[in-house]
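Enquirer: Attaching a single structure in structure tokens format; questions to follow.
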Amino acid sequence: MNFLKILIILSIFIFLSGCVLTKIITVPMRVGGAVISVIPVAGNSIHDAIDESAAIIDDLPL
């Protein structure tokens with residue numbers, strides 16, 4: 000039974016490699032940046048910084 004669990008987990012990691020893995024990380028970042036952008040003075044600059052960081056993560060060669 001343990002072997003089956005390990006095999007399933009390894010299969011999931013293989014299928015989550017690359018683009019899907021980076022999207023799992025960057026989508027919550029982008030949503031958080033969109034929510035923060037409503038703050039009057041500092042919101043847009045914080046949103047831009049988060050969006051720029053998410054774009055760098057998207058470009059990682061996985």
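Just so we're aligned, residue 0 is where the sequence shown starts under numbering that gives the first Met the number 0, counting upward by one. Ideal placement from N, C-alpha and C gives every residue a C-beta, glycine not left out.
Quick check on Ala41: does DSSP put it in helix, strand or coil?
Expert: As a working mapping, residue 41 is identified with position 42 in the sequence shown. Ala41: coil per DSSP, three-state reduction.
Enquirer: Return the CA-CA distance between Ile8 and Val19, expressed in angstroms with no decimal places.
Expert: Position 9 of the sequence shown, counted from the first residue, corresponds to residue 8. Position 20 of the sequence shown, counted from the first residue, corresponds to residue 19. If you take the alpha carbons of Ile8 and Val19, they lie about 16 Å apart.
Enquirer: Starting from Ser36 and walking both ways along the alpha helix (DSSP H), at which residues does that stretch end?
Expert: As a position in the sequence shown, residue 36 is number 37, starting the count at 1. No alpha helix (DSSP H) holds Ser36; DSSP gives it neither H nor E.
Enquirer: Looking at the unbroken alpha helix (DSSP H) that takes in Leu6, where does it start and where does it end?
Expert: Taking the sequence shown and counting its residues from 1, the one referred to as residue 6 is at position 7. Start and end: 1-14.
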